[in-house]
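In terms of this note's numbering, the sequence shown opens at residue 234 and continues consecutively. In this text, a Cβ means the ideal position worked out from N, Cα and C, and glycines have one as well. Computed from a prediction, not measured in an experiment: that's the story for all the values here.
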Amino acid sequence: MRRAIGRMLRALAPRTAEGMTELAEIRSRYGGVLVEIERLRAENVELREDLGQLVARLDEASGEIDELRRDAPRIAELYDLVFERLAERR
């Protein structure tokens, strides 16, 4: 039955039959590679999403670091004041 359908296809649509034959050969020869390529593509998409999240977190952390830098002089002043008061009590 399968051969009969193949003969009919080759008689009615030879280019389609040839294309299907080539596609079947490619799948049999490179099927595992194609599956691996698709898996790697999906992993690449996931990694890009993760990278986007990491960049967003880095931006947040950068803002916090800038805040700490602005506060550093104030913190130094507070430490100086605390040490002055401690020295006065001695």
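Starting from the C-beta of Ala250, find all residues in its chain whose C-beta is less than 6 Å away, skip the five residues before and the five after it, and write them out in chain order. Leu242, Arg243
Could you check whether the Cβ of Arg240 sits closer than 7 Å to any heavy atom belonging to the ligand HEM? Of ligands this structure carries none, so the ligand HEM is not represented either.
What residue range does the alpha helix (DSSP H) around Ala257 cover? Residues 247-322.
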